[in-house]
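J.:
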DNA sequence: CACGATTACATCGTGCACGATTTAACTATC
DNA sequence: GATAGTTAAATCGTGCACGATGTAATCGTG
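Protein chains in written order, with the working numbering: chain A, 165 to 314; chain B, 165 to 314.
If you want it as structure tokens, here you go:
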């Protein structure tokens with residue numbers, strides 16, 4: 165018998181599993197859409213950031229994505245090899261690497277514009293419901309991050 | 165100017181990013197808890213399934229976790245090497261591999277019992293709010309999976 | 001019973017994700 | 001202006017995740 169204070173839980177009782185499996189489900193929906201652009205999902209997230217603000221440093225990207233250079237450096241090298249970005253050391257502070265869009269990388273933006281509507285459609289929700297859910301999940305994430313930092 | 169039908173979106177407008185980053189945040193909270201048991205997060209999910217129902221086949225685990233044998237086989241071999249499970253081919257159908265808990269794997273269950281309360285605490289939400297959020301996320305996941313299958 | 005099709009699992013290659021460490025550049029203090 | 005400390009990226013090793021493919025066992029049909 166389980167103790168009163170800590171009964172057993174099944175997989176589907178765990179919110180972390182809902183998040184984990186929803187993340188995989190998103191990947192499965194994105195994969196064919198992004199394959200048409202030759203991007204992986206994390207590469208797409210980097211491009212979304214650069215389309216909004218070009219010339220970010222590796223550390224800026226890392227702060228926004230909650231990723232470290234050990235993940236970003238190889239990913240950015242692949243984006244560079246694909247011709248979408250350039251990685252150049254900042255002249256004023258050579259420790260820093262600025263990531264800038266090439267013309268090709270900038271033009272990819274147009275081809276990516278119809279992806280969000282596709283995702284909205286696949287979700288089967290209204291924008292309002294989706295935004296509300298997004299807000300709650302982001303708040304949960306922030307509290308978890310806050311807890312993990314302590 | 166963006167076209168009316170498909171304006172640009174920032175990273176934080178994307179629900180997929182909320183899910184993606186919440187998944188990472190869960191991992192960061194789980195990691196130290198699971199490190200005490202010597203498990204990774206996906207390994208923990210497998211153990212949760214086996215604690216609820218011992219003797220599942222590789223395919224059963226895959227169906228519940230939405231993972232294929234290419235992910236599960238190495239993971240299960242690591243759990244076997246750790247002494248938590250045994251992998252034995254079914255005598256009636258030698259294509260199938262049954263995964264059973266060892267005494268050590270079964271005993272790990274007791275040490276894992278206080279993990280869910282820790283997660284609940286880290287989330288900063290009530291059980292009711294968390295379960296409601298979980299239900300919505302699971303419903304979204306199911307619609308995405310349904311869309312990806314088609 | 002034979003044999004093509006199907007099924008279950010394993011294998012291989014690529015790309016994240018992350019802890020730990022390293023390297024190079026900058027800053028602060030003396 | 002030497003040097004200790006700090007910072008930004010890069011590097012390395014391990015473990016998921018997954019598309020593509022391989023292999024062996026089983027099933028279905030003639």
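Glycine is no exception: its CB is placed at the ideal position from the N, C-alpha and C atoms.
Can you give me, in chain order, the residues of the region 175 to 202 of chain A that have a beta carbon less than 9 Å from any beta carbon in chain B?
T.: Going along the region 175 to 202 of chain A in chain order, one finds 175, 176, 177, 178, 179, 180, 181, 182, 183, 184, 185, 186, 187, 188, 189, 190, 191, 192, 193, 194, 195, 196 with a Cβ nearer than 9 Å to chain B.
J.: Can we count residue 214 of chain B as close to the ligand MN, meaning its CB is less than 8 Å from some heavy atom?
T.: Here there are no bound small molecules, and the ligand MN is not part of this structure.
J.: Just reading off the alpha helix (DSSP H) that residue 193 of chain A is part of, what are its end residues?
T.: 179 to 199
J.: For residue 267 of chain A, is the classification buried or exposed, using 16 other Cβ atoms within 10 angstroms of its Cβ as the cut-off for buried?
T.: exposed
J.: Rounding to the nearest angstrom, what Cα-Cα distance links residue 289 of chain A and residue 298 of chain A in this structure?
T.: Between the alpha carbons of residue 289 of chain A and residue 298 of chain A lies a distance of about 12 Å.
J.: Any beta carbon of chain B sitting closer than 9 Å to that of residue 269 of chain A?
T.: no
J.: Strictly below 7 Å CB to CB, what residues from chain B border residue 241 of chain A?
T.: In chain order: nothing, as chain B lies at least about 21 Å away.
J.: In angstroms, rounded to a whole number, what distance separates the CA positions of residue 195 of chain B and residue 206 of chain A?
T.: 21 Å
J.: Residues of chain A with a CB under 7 Å from the CB of residue 288 of chain B: which are they?
T.: 307
J.: Which residues bound the beta strand (DSSP E) around residue 240 of chain A?
T.: That residue, residue 240 of chain A, is in no beta strand (DSSP E); its alpha helix (DSSP H) goes 233 to 245.
J.: Compare the beta carbon distance of residue 307 of chain B and residue 287 of chain A with 9 Å and say whether it is the shorter of the two.
T.: yes
J.: For residue 341 of chain A, report the span of its beta strand (DSSP E) as first-last.
T.: Shown here, chain A extends from 165 to 314; a query on residue 341 of chain A therefore has no answer.
J.: What residues from chain B crowd round residue 300 of chain A, counting only those whose CB sits closer than 7 Å?
T.: 297
J.: So the beta strand (DSSP E) residue 228 of chain A belongs to, where does it begin and stop?
T.: Premise fails: residue 228 of chain A lies in the alpha helix (DSSP H), 222 to 229, not in any beta strand (DSSP E).
J.: If we define contact as Cβ-Cβ less than 9 Å, is residue 168 of chain B a contact residue for chain A?
T.: Low confidence applies here, because residue 168 of chain B scores a pLDDT of 42, under 50, leaving its location unreliable and the question unanswered by this model.
J.: Distance, Cα to Cα, residue 314 of chain B vs residue 282 of chain A?
T.: 14 Å
J.: Distance cutoff 9 Å, beta carbons only. Does residue 263 of chain B sit that close to anything in chain A?
T.: No, no contact with chain A.
J.: Taking residue 228 of chain B as the query, report the chain A residues whose CB atoms sit under 8 Å from its CB, ordered along the chain.
T.: Neighbours of residue 228 of chain B on chain A, chain order: 175.
J.: Rounding to the nearest angstrom, what Cα-Cα distance links residue 166 of chain B and residue 277 of chain A in this structure?
T.: A caution first: residue 166 of chain B carries a pLDDT of 40, below 50, which makes its placement in the model too unreliable to give a value.
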